[in-house]
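The next block holds one structure in the form of structure tokens; read it before the comments.
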Amino acid sequence: MGNCIFCMIVRGESPAFKLYEDDICLCILDSNPLTPGHSLIIPKSHYTSLKETPPLVVAAMCSIIPLLSNAIMKATKSGNALLTNACACMCKTDSFNLLANSGVAAGQVVFHTHLHIIPRNENDCLWRSESSQRKPLKQTHEAATLADEIREQLSFPDKRRPGSSSCGNHEEPKLSGDE
Numbered sequence: 003m004g005n006c007i008f009c010m011i012v013r014g015e016s017p018a019f020k021l022y023e024d025d026i027c028l029c030i031l032d033s034n035p036l037t038p039g040h041s042l043i044i045p046k047s048h049y050t051s052l053k054e055t056p057p058l059v060v061a062a063m064c065s066i067i068p069l070l071s072n073a074i075m076k077a078t079k080s081g082n083a084l085l086t087n088a089c090a091c092m093c094k095t096d097s098f099n100l101l102a103n104s105g106v107a108a109g110q111v112v113f114h115t116h117l118h119i120i121p122r123n124e125n126d127c128l129w130r131s132e133s134s135q136r137k138p139l140k141q142t143h144e145a146a147t148l149a150d151e152i153r154e155q156l157s158f159p160d161k162r163r164p165g166s167s168s169c170g171n172h173e174e175p176k177l178s179g180d181e
């Protein structure tokens, strides 16, 4: 897409600190980082949201998360001297958040699929966890109906439907000629 900042970065028309690149995706430092090392994994092809991104592209993006997150953790764990003193409280990272904002209500502002790797430490003053907002799921008729509706939307073949015997102790179907 012409004016998409990520497409411009992919084409080399806009500057970015590239960390990693392959045939499918690119990883750059975020230009407005929440913490030092905050990075973005971006597909080279333009997809406006995660729901529009082909599964193989999402798989390629996700497959490099361990490589990238480990490199980012190692680079920021030592409290890198190149980072300013103002950032010192945010250095020495030992954890990270993986974040995808997909859609306006989820906070997406650049409409080109991307994943955030946000290095974290105990004193970074960012959100601690969403767990304070969570409430236990009650085993209600409404929850069961919602689960049924989601499974229906997934359109699993019977052999993959949760609750079927696709895993565990079961007999494999016999193919003709296996007798």
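For what it's worth, our numbering labels the leading residue of the sequence shown as 3, then goes sequentially.
The C-beta atom is built at its ideal place from N, Cα and C for all residues, glycine as well.
- The beta carbon of residue 51 lies closer than 8 Å to those of 104, 105, 110, 113, 115 in the same chain, with the five residues before and after it left out.
- Distance from the CA atom of residue 18 to the CA atom of residue 40, rounded to whole angstroms, is 13 Å.
- Contact check for residue 27 against residue 45 passes: the beta carbons are separated by less than 9 Å.
- Residue 66 and residue 149 have their C-alpha atoms some 31 Å from each other.
- In the DSSP assignment, residue 99 is bridged to 120.
- According to DSSP, residue pairing for residue 22 in a beta bridge involves 29.
- For residue 70, the enclosing alpha helix (DSSP H) has its first and last residue at 67 to 79.
- The residue from 11, 59, 34, 117 with its alpha-carbon nearest to that of residue 70 is 117.
- Boundaries of the alpha helix (DSSP H) around residue 156: 143 to 156.
- In the three-state DSSP reduction, residue 38 falls in the coil class, being neither helix nor strand.
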